[in-house]
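Here the structure comes first, spelled out in structure tokens, and everything after it is commentary.
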Amino acid sequence: MKPGVFALIALSSAGTVFAQSFRPLPPLDPAAKPAASFATGVSADGRTVVGTSFVRTDAGTQARAFRWQLGTGVTELGVPALALEASAGGRVSDDGSIVVGTNGFTITGFYEPRNAMRWTDADTANPSPTVFEQGYFA
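Heads up: the sequence shown at position 26 corresponds to 25 in numbering that gives the first Met the number 0, and the numbers run straight through without jumps.
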């Protein structure tokens, strides 16, 4: 088994509780060092998990916020143009449509947060990232 993180997914709908299970969270980029993902937030219904993974870029390995959804798998949430190159997912709204986290940079594998971030439409194919500068944290 590859190194990584497992998320406990508990699904419920209208009072019905589905079986709980552990699912591995795949890395965004298996060639990145480290090739790992870790979860930091789960939506109320358990269908959306957010966190941080790593990707290789021209600047080296960078942390990137991700969203995992039942049925679609892991997706990078993105970083706006002219923002610092790295991001980290922190928490997710009950319905999975809003994710908050941080924007920063990665140096020798360590993520250094600098600004708060919010992704709206986080439950769609094109999440919209916003950076709140001035050192605010989510």
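Every residue, glycine too, gets a C-beta built ideally from N, C-alpha and C. Because the structure is a prediction, the values reported are computed rather than measured.
| Item | Value |
| --- | --- |
| Span of the beta strand (DSSP E) holding E75? | G72 to E75 |
| Residues in its own chain within less than 8 Å of A30 by CB, not counting five upstream and five downstream? | R55 |
| Express the C-alpha separation of N125 and S86 in angstroms, rounding to a whole number. | 16 Å |
| Can you give me the Cβ contacts of A43 inside the same chain, cut-off strictly under 6 Å, excluding the 5 residues immediately before and after it? | D93 |
| Hey, out of R22, A38 and A115, whose CA is closest to F104's CA? | A115 |
| How many angstroms separate the CA atom of G100 from the CA atom of S20? | 26 Å |
| I'd like to confirm the pairing. Which residues does DSSP put opposite G88 in its beta bridges? | G100 |
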